[in-house]
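Single-structure report; data block below.
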Amino acid sequence: MPRTIIVGAGVTGQEVAKRLDDPIVIESDVEKATILKRDLGDIRVVVGDATDERTLLQAGISEARELLVCLGNDRDAYQTVLNSKPYKNLRNVIAVLQKPSEV
């Protein structure tokens, strides 16, 4: 059962993924996803758009405990958080925003 889903494999997402046991990372960029798998080894990476609920389901959101959204686009981060609201199994939903006043 996945415990933490990390959305975005940028600097923040990668650093958090390195420190967690068995996270799942959602990344839309195939090249970044490939590099992350190579560098971190036994990590599960789902390639897709986290603003699409189907991608969240593929990553296991219905069983996850935490969702960390660290995207470069605040509107996409906000939409991802909104899409996670129906999943009451999530104890923590955290979004790292670049310009919160613009969301």
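Heads up: the sequence shown is residues 8 to 110, going by my numbering.
C-beta: ideal position from N, C-alpha, C; glycine also.
How would you write the range of the alpha helix (DSSP H) that residue i sits in, first residue to last?
i, result
"A40", "37-47"
With DSSP as the reference, identify every bridge partner of residue i, one or two as the case may be.
i, result
"L63", "DSSP lists no partner for L63."
"R51", "I31"
What residue range does the beta strand (DSSP E) around residue i cover?
i, result
"N99", "99-102"
"R10", "R10 -> no beta strand (DSSP E), and no H or E assigned at all."
"E34", "31-34"
"V18", "Where V18 is concerned, there is no enclosing beta strand (DSSP E), although the alpha helix (DSSP H) it sits in stretches over 18-26."
Got a sec? Which residues, its chain only, sit under 6 Å from residue i by beta carbon, not counting five neighbours each side?
i, result
"T87", "V14, A57, T58, V76"
In chain order, what residues of the same chain have a beta carbon less than 7 Å from the beta carbon of residue i, not counting five sequence neighbours either side?
i, result
"T62", "I33, V53, G55, D56"
"E109", "D81"
Do residue j and residue i count as a contact pair if the criterion is CB distance below 8 Å?
i, j, result
"D83", "L104", "no"
> Is there contact between the region 93-108 and the region 66-77, where contact requires at least three CB pairs shorter than 8 Å?
Replying inline: Contact holds: three or more Cβ-Cβ distances are below 8 Å.
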